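Take a look at the structure below.
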Amino acid sequence: MMDNKMICTDVFENVVENGTAVGFAFLGRLPYYRGLGLSMIEDIAVSVDGEKIARDDIRFSVRGKTYTLDEMETVYDNRWNFGEKARIIALKAGGLAPGNHKIEFAVRMRVSYLPFVPTTKDTKELALAA
Amino acid sequence: MANRIKRGVSLYSFQNETFQGKMTLEDCIRTCAEMNANGIEVIGEQSFWGLPEYAVDPAEIENWHALIKKYNCVPVSHDYMLDYKRYKGREMPLDEQIASVKKDIDFGVALGVKYLRSLVSIAPEVLVGAAPYAEEKGIMLLTEVHAPLHFDHPWIIRLAEAFQKSGSKALGFLPDMGMFLHAYPPVWRAKFERLGVPKHIADYIVKAYEDRILSEYVILNVQQMGGVGPAIAMAEVMRHNAAFEPKRMLGYMPMIHNIHGKFYQMDADYVEPSIPYEEIVRVLQQGGYDGYICSEYEGNRWIEDAEEPDSVEQVRRQQVMLARLIGEPTPHALAA
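Going down the list, the sequences are from chains A and B. FYI, in this note's numbering the residues of the first sequence are 1 to 130. FYI, in this note's numbering the residues of the second sequence are 1 to 336.
Okay, structure coming up:
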């Protein structure tokens, strides 16, 4: 559900700190008909051009608050709302070169009433401006 | 006519549009009002941001009431979720689950609804524990009887017994019409065919469903026909869906207070090809039901890979069908 709407195309950029690109970022939505508390986001996986970003190198940011995936597991006072565009940051020294990149984005979530743990993914080609 | 069934819409139906910001809450409520489907059901976590982890902006609640008034609608139900698996590796303790339901009861009161939808997996002791508070607040907690569960299933019977034993008038049921799936939905078949299921296997599964063959036999036969991956998946959905009988609702009528008018596809001739609405409405009328049937469009997820769902048109068609079956004159606004 909502698979093909997970990766938003409005933001795709390098993350620059002190003049150095330390990674890249895009906006992602939860593939679900409602929101979910952050403790129930079991995993977020990002690949760029086939290269998987390590779990420890992913950051999730909503409404000005940024978390590692391990931190999110015990966050009980914030959520990824329905349709909300979260900023997904992948740390990668040097960032990405300008041009097109294939982004794969997968979310695994713990849904209390489901007898399985769904993983939903989207793949899109995004263009990084020079 | 006395005891006329009322028409409503669950805003779940418009999820594809609201997710993408193509419809606002006002667009949704206005759309329902234009169809004279003035009962509005929401999933709180879908229509309002924050709940339950942080507070919903009071301005959003004010906006809700302003819209309900502006379009002359009626708040029917807040469908709460209760994430009892909130903590990794351990289930939420009973007292905390009850406290969580009470928070949702408060939210329901804030929205002005009479009913809260409880997911079918929520344990009877949680509901019985929250019932006195619901009664005090004038709210009923309705467990959604949803496929693969049904009214003869031991879990539902256990719930019904617990509700009756509690003596509380605040506990009841909300059947989802998807449990009366009399034919394999064409939009499901089409999706599986797009995933690569060969036509002869899809034909077999649809026919096997029509013939009421046990799902386990169908899965084995599909394997022996050489079916893999999506072909097995196409057969496996039969484990979770079946053609249960609408008349089973008759044994529960005093406990049924809201209905999910689930549908996967409404054709241009106003027919849902997989769910027997004529029979369903006949049974509900026979049972004296006078609550709402709230449209719940769930075809969106089956077609979104191939086309942009037109949820408004799908809901409109279902409302035309419901108005006719209920015995209302077709409202002008519903005409195509």
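Heads up, the beta-carbon is just placed ideally off N, CA and C, and yes, glycines get one too. Since we're looking at a predicted model, the values are computed, not measured.
Excluding residues up to 5 positions away in sequence, L128 lie with their Cβ nearer than 8 Å to the Cβ of A:A97 in the same chain. For B:P175, the uninterrupted beta strand (DSSP E) run begins and ends at L171 to P175, by DSSP. Across the structure, B:F14 and B:Y297 are spaced so that their CA atoms are roughly 8 Å apart. Fewer than three beta-carbon pairs drawn from the segment 274–285 of chain B and the segment 58–70 of chain B are found closer than 8 Å, and the two stretches are therefore not classed as touching.
Listed by position along chain A, the residues whose Cβ is nearer than 7 Å to that of B:E45 are R34, G35 and F82. Rounded to whole angstroms, A:V46 and B:I156 show a C-alpha spacing of 41 Å.
Within chain A, the residues placing a beta-carbon under 8 Å from that of B:S121 are S112 and Y113, ordered along the chain. For A:M1, a Cβ of chain B is located within less than 8 Å of the residue's own Cβ. When Cβ-Cβ separations below 8 Å define contact, B:R90 makes no contact with chain A.
For B:G108, the enclosing alpha helix (DSSP H) has its first and last residue at L94 to L111. Around the CB of B:N38, 16 or more other CB atoms lie within 10 Å, so the residue is classed as buried. Rounded to whole angstroms, A:D57 and A:A90 show a C-alpha spacing of 6 Å. Taking every protein chain shown into account, the CB of B:A130 has 16 or more other CB atoms within 10 angstroms, so this residue is buried.
DSSP places B:H257 in the coil class of the three-state scheme, outside both helix and strand. Within the DSSP secondary-structure output, B:E307 pairs in no beta bridge. Cβ-Cβ distances below 7 Å link B:H240 to A147 and P148 in the same chain, with the five nearest sequence neighbours on each side left out; the list follows chain order. Residue contact check for B:D57 against chain A: no CB pair falls below 8 Å. Residues of chain A whose Cβ lies closer than 7 Å to the Cβ of B:Y264 do not exist, since the nearest Cβ in that chain is about 14 Å away. For A:D77, a Cβ of chain B is located within less than 8 Å of the residue's own Cβ. Within the segment 3–23 of chain B, contact with chain A at the beta-carbon level (separation under 7 Å) is assigned to Y12, Q15, T18, F19, Q20 and G21. Counting along the chain, the unbroken beta strand (DSSP E) around A:C8 starts and ends at I7 to E17. Inclusion of B:L25 and B:L67 in the CB contact set at 8 Å is warranted, their separation being smaller than that value.
A:V11 is positioned such that its CB atom lies no closer than 8 Å to that of A:V22. Under the DSSP definition of a beta bridge, B:R117 partners with B:D79 and B:L142.
It is roughly 31 Å from the alpha-carbon of B:A160 to the alpha-carbon of B:A235.
For A:N81, the CB contacts under 6 Å within the same chain, skipping 5 residues up- and downstream, are G35 in chain order. Classified as buried, A:K92 has 16 or more neighbouring CB atoms from the shown chains inside 10 Å of its CB.
Residue state for B:C294 is assigned as strand, using DSSP reduced to three classes. The beta carbon of B:R158 does not come within 8 Å of any beta carbon belonging to chain A, so the residue lies off that interface.
Listed along the chain, the chain B residues whose CB falls inside 9 Å of the CB of A:K52 amount to none; the nearest CB is some 23 Å away.
In this model, B:Q285 and A:A86 are separated by some 47 Å (Cα to Cα). Contact between the segment 98–116 of chain B and the segment 99–112 of chain A is not established, with fewer than three Cβ pairs separated by less than 8 Å. C-alpha of B:D290 to C-alpha of B:I122: approximately 26 Å in a straight line. Across the structure, B:I5 and B:P75 are spaced so that their CA atoms are roughly 16 Å apart. DSSP places B:H200 in the helix class (H, G or I) of the three-state scheme. Taking a beta-carbon distance threshold of 8 Å, B:L25 does not count as an interface residue toward chain A.
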